[in-house]
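With this note's numbering applied, the sequence shown corresponds to residues 2 to 317, in that order.
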Amino acid sequence: MRHLIDPLDLNLEETGRLLELAGKILADPAAYAHRCDGRILATLFFEPSTRTRLSFESAMLRLGGQVLGFSNAQSSSAAKGESVADTIRMISGYADITAMRHFKEGAPLVAARYAKIPVINAGDGGHQHPTQTLTDLFMILRSRGSIDSLTIGLCGDLKFGRTVHSLIKALVRYKNVRFVFISPEELRTPGYILKEVVEPSGHSWQEVRRMEEVMPELDVLYMTRVQRERFFNEEDYVRLKDSYILTPEKLAMGKKDLAVLHPLPRVNEIHKQVDQDPRALYFEQARGGVFVRMALILALLGLEPQILDKKEGTLC
Ligand code: NCD
2 MRHLIDPLDL NLEETGRLLE LAGKILADPA AYAHRCDGRI LATLFFEPST RTRLSFESAM
62 LRLGGQVLGF SNAQSSSAAK GESVADTIRM ISGYADITAM RHFKEGAPLV AARYAKIPVI
122 NAGDGGHQHP TQTLTDLFMI LRSRGSIDSL TIGLCGDLKF GRTVHSLIKA LVRYKNVRFV
182 FISPEELRTP GYILKEVVEP SGHSWQEVRR MEEVMPELDV LYMTRVQRER FFNEEDYVRL
242 KDSYILTPEK LAMGKKDLAV LHPLPRVNEI HKQVDQDPRA LYFEQARGGV FVRMALILAL
302 LGLEPQILDK KEGTLC
């Protein structure tokens, strides 16, 4: 049995096959409409979500399966003090696969150790968000035709943004990627990611403060929200929240085929007028998340056996 807790739980070939399957599903969703008949997905969301939870549910429903779950910790027995280990033991009897979002880093990993069903990390604190990464890679691939040889700007809250952490981990495995980290001093990419992930990859990288400095060089601009809920005090958030606002004027400095991505939700960091620009791909990116999650559910349930290598049991 396989889980998806960290983006590296899928090797590069598996990731490629999964994205290819997502593309096939997108092209012909009707062909997959009954592949999960009789199966149940449990969505265990201890932290707020719109896209991730609903796209998981939509994915399972579009595969013919059913869904159950909760969308906040207060409505679950966690509010009574139940541990993640106990919750997952029980859910293993109620569902065939589960997606878990938790405010504590590492909670889905703990769940995977006790689960009898595949566990998908749908975001753990400021740590990782591997299914958003697959969604991001899918959009990059669809818009650029390849994930190799791209200059990728990651902009905003690179410190607390788990989507950024996961995306960097996944991107270092592609060829000739150049990273441009755009953030205020206080929200720079964590040192451990630079030291343990970026530097050993040998890819070139730089850190800049101003988006305008690098805009003409970028192939992909990945915007992120300042993660208010992870700040220790409100004043710091208020000071930093509008560090970057992508406006049509700034976008005018970008390449004609720049891909502007955002995991969403957007707060202020992309001006609404940018939505009209054909390079603004974030809503299409979010739509792609459904097909990616359909592919992932099929793979983890063993219903598309060619996707995952047999030998690589990651956690179990
Ligand atoms: C992201 C998250 O939850 O980390 N949202 C998402 O899943 N699409 C990004 C964010 O909340 O800023």
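Positions of the beta carbon are idealized from the N, C-alpha and C atoms, including for glycine. Everything numeric in this text was worked out from a predicted model, so none of it was measured.
Check your understanding: Considering only the beta carbon of each residue, do threonine 225 and proline 264 sit closer than 9 Å?
Key -> The criterion of a C-beta distance shorter than 9 Å is satisfied by threonine 225 and proline 264.
**Study point:** isoleucine 41 versus Val68, Gln274, Thr51, Met101, residue with shortest Cα-Cα distance
**Key:** Minimum Cα distance to isoleucine 41 is reached at Val68.
Practice item. Tell whether a beta-carbon distance below 9 Å holds between leucine 195 and valine 221. Key: Result no, Cβ atoms of leucine 195 and valine 221 do not sit closer than 9 Å.
Exercise for review: Can you check the segment 70 to 112 for any alpha helix (DSSP H) of at least 4 residues that lies completely inside it and give the ranges in chain order?
Suggested key: Taking only runs of at least 4 residues, the alpha helix (DSSP H) segments lying wholly in the segment 70 to 112 are 85 to 92.
**Study point:** heavy atom of the ligand NCD below 8 Å from threonine 88 C-beta
**Key:** With a cut-off of 8 Å, the C-beta of threonine 88 is classified as distant from the ligand NCD, since no heavy atom of the ligand falls inside that distance.
Check your understanding: Does the ligand NCD have even one heavy atom less than 8 Å from the beta-carbon of glycine 289?
Key -> No, the Cβ of glycine 289 stays beyond 8 Å of every heavy atom of the ligand NCD.
Practice item. Taking only heavy atoms of the ligand NCD into account, decide whether any of them is closer than 8 Å to the Cβ of leucine 265. Key: Shortest gap from the CB of leucine 265 to any heavy atom of the ligand NCD: under 8 Å.
Check your understanding: Straight-line CA distance for aspartate 158 to arginine 229?
Key -> Distance between the alpha carbons of aspartate 158 and arginine 229: 10 Å.
Check your understanding: Do you know whose CA, among Pro306, Phe57, Pro49, Val111, lies nearest aspartate 7's CA?
Key -> Looking at the Cα atoms, Val111 is the closest of the given residues.
Review point. For the beta strand (DSSP E) that glutamine 207 lies in, which residues bound it at each end?
Key: That run of the beta strand (DSSP E) goes 205 to 209.
Point to revise | Own chain, CB closer than 8 Å to histidine 128, minus 5 neighbours either side, in chain order | key: Sequence-distant Cβ neighbours of histidine 128 in its own chain, meaning closer than 8 Å and more than five residues away, are Glu106, Gly107, Arg163, His166.
Point to revise | Coil, strand or helix - aspartate 276 by DSSP | key: It is helical.
Practice item. Report back the beta-carbon spacing between proline 109 and methionine 2 to the nearest angstrom; my notes put them in contact at under 8 Å. Key: By a beta-carbon distance limit of 8 Å, proline 109 does not contact methionine 2. Their separation comes to about 15 Å.
Check your understanding: Just reading off the alpha helix (DSSP H) that valine 293 is part of, what are its end residues?
Key -> Segment 283 to 301, the alpha helix (DSSP H) holding valine 293.
Exercise for review: For the beta strand (DSSP E) containing aspartate 137, list its first residue and its last residue.
Suggested key: First-last for aspartate 137: 131 to 145, but that is the alpha helix (DSSP H), not the beta strand (DSSP E).
Check your understanding: Does DSSP classify glycine 314 as helix, strand or coil?
Key -> Interpretation of glycine 314 is limited by its pLDDT of 49, a score under 50 that renders its predicted location unreliable; no figure is taken from the coordinates.
Exercise for review: Using only the heavy atoms of the ligand NCD, determine whether one of them is closer than 8 Å to the beta carbon of threonine 44.
Suggested key: Every heavy atom of the ligand NCD is 8 Å or more from the Cβ of threonine 44, so no.
Check your understanding: Hey, out of Ser76, Ser84, Ala116, Ala74, whose CA is closest to glycine 94's CA?
Key -> Nearest option by C-alpha distance: Ala116.
Check your understanding: Is arginine 114 near the ligand NCD, judged by its Cβ being under 8 Å from some heavy atom?
Key -> In this structure, arginine 114 has its beta carbon at no less than 8 Å from each heavy atom of the ligand NCD.
Practice item. Using alpha carbons as the reference points, say which of Glu270, Val275, Lys176, Ser244 lies closest to leucine 259. Key: Comparing C-alpha distances from leucine 259 to each of Glu270, Val275, Lys176, Ser244 shows the shortest one belongs to Val275.
**Study point:** For valine 120, the three-state DSSP class (helix, strand or coil)
**Key:** Under the three-state reduction of DSSP output, valine 120 falls in the strand class.
Point to revise | Rounded separation between phenylalanine 180 and alanine 79 - CA only | key: C-alpha of phenylalanine 180 to C-alpha of alanine 79: approximately 39 Å in a straight line.
Exercise for review: Confirm, please, whether the CB-CB distance from isoleucine 298 to isoleucine 98 is below 9 Å.
Suggested key: Taking 9 Å as the Cβ cut-off, isoleucine 98 and isoleucine 298 qualify as a contacting pair.
Check your understanding: Along the chain, which unbroken stretches of the beta strand (DSSP E) at least 3 residues long are found entirely within the segment 224 to 278?
Key -> DSSP runs (the beta strand (DSSP E)) wholly in the segment 224 to 278: 260 to 262.
**Study point:** Rounded straight-line distance, which links the Cα of threonine 134 to that of phenylalanine 46
**Key:** Cα to Cα, the separation comes out at about 18 Å.
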